[in-house]
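S.K.: I have a structure here, written as structure tokens, and I will follow up with some questions on it.
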Amino acid sequence: MTEEMEYICFQLIANSGAAKSSFIEAIQLAKAGNLKEAKIKVEEAEDSLVEVHKIHSNLIQKEATGEKIGFSLLFMHAEDQMASTEIIQLLSKEFIDLYQNK
Numbered sequence: 005m006t007e008e009m010e011y012i013c014f015q016l017i018a019n020s021g022a023a024k025s026s027f028i029e030a031i032q033l034a035k036a037g038n039l040k041e042a043k044i045k046v047e048e049a050e051d052s053l054v055e056v057h058k059i060h061s062n063l064i065q066k067e068a069t070g071e072k073i074g075f076s077l078l079f080m081h082a083e084d085q086m087a088s089t090e091i092i093q094l095l096s097k098e099f100i101d102l103y104q105n106k
């Protein structure tokens with residue numbers, strides 16, 4: 005794995021982690037009745053997730069043009085973090101809706 009690819013993986017992991025933390029915080033805010041703040045936190049999380057998708061899309065484009073990306077455990081972990089964050093994103097919106105309508 006190149007240093008550049010390692011750096012990209014850590015960007016994916018860090019931004020996914022930031023988004024995941026913000027989504028969880030949004031759920032906690034909604035649970036406490038702070039719905040406006042929860043929605044703001046979701047927006048912050050989604051900004052981080054947009055960065056993740058930009059980075060990931062760039063990798064896909066590179067591979068589509070014939071550049072070898074390579075496989076590593078670190079890259080697999082980065083993609084797993086991205087996927088789990090997307091699941092938490094969906095759940096956070098559902099939880100906020102539930103708390104809003106209770």
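Its first residue numbered 5, the sequence shown is counted upward by one per residue in this note's numbering. Beta carbons: idealized from backbone N, C-alpha and C, even for Gly. Predicted, not measured: the structure shown is a model, and the values here were computed from it.
CA-CA distance, F79 and M9?
M.R.: 8 Å
S.K.: Check whether the Cβ atoms of A22 and S52 sit closer than 7 Å, and answer yes or no.
M.R.: yes
S.K.: Write down the C-beta distance between I107 and I12 rounded to the nearest angstrom, noting that I regard them as a contact closer than 8 Å.
M.R.: Any property of residue 107 remains undetermined from this structure, which presents the chain solely from 5 to 106.
S.K.: Using DSSP with H/G/I as helix, E/B as strand and the rest coil, what is M86?
M.R.: helix
S.K.: Determine the DSSP secondary structure at G21, reduced to helix, strand or coil.
M.R.: helix
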